[in-house]
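Residue numbers (the numbering used here): 5 to 199. The structure appears below as structure tokens.
Given below as structure tokens:
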């Protein structure tokens, strides 16, 4: 059996090359993992953004419906007001003409009944307008939250783009920049869920 002589320098060089090769691939694994994580977080933010936009639209639709119902109630209120005025005028006319008290009493009772109905209609219309205002405020708040999550999606997309460039040009500093932007996106994402 023959023993080959291997130079120490050559072994050291091979070990050093292997270490460098390992260093090059280890940061790329971190790059791939962080990019995948940011992609998942982007999907979560996009889902939340879309959900909030849909909720805001639904609330605005409901607000329009409540406003229409309130307008109907106010029209009904006006109709009752006109009828009440007619019945009061009728009672005054009958009184002036010295017509029997029963007809005058009936006209006045009818006017009082119409006035009571008006008050209930007014309460309903006012309640519908208050509900409309509440729905509009909720829709506005959800729209603001939607915009926040849309910003989060954009920040994560920038992070993913930087990570892709870092992988292509093999620059670790670009990956660090991608990580910084991604962490900013994560902070914004958490802040969005805490609102």
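Backbone N, C-alpha and C define an ideal beta-carbon position, used for all residues, glycine too.
The continuous alpha helix (DSSP H) containing residue 149 extends over residues 105 to 173. Between residue 154 and the set 170, 106, 53 and 180, the nearest pair of CA atoms involves 53. Residue environment: residue 96 is assigned as exposed (fewer than 16 neighbouring CB atoms within 10 Å of its CB, all protein chains considered). Straight-line spacing of the CA atoms in residue 99 and residue 88 works out to 16 Å. DSSP, read as helix, strand or coil, puts residue 33 in helix.
The segment 132 to 152 makes contact with the segment 63 to 71; the number of CB pairs closer than 8 Å reaches 3 or more.
According to the DSSP assignment, residue 176 belongs to the alpha helix (DSSP H) that extends over 176 to 198. For residue 21, there are no CB contacts under 7 Å within the same chain when 5 residues up- and downstream are skipped.
Setting aside the 5 residues that flank it on each side, residue 107 is surrounded in the same chain by 98, each with a C-beta closer than 7 Å to its C-beta; the list follows chain order. Using a Cβ-Cβ distance cut-off of 8 Å, the segment 32 to 43 and the segment 108 to 119 are not in contact, since fewer than three pairs of beta carbons, one from each stretch, lie closer than that value.
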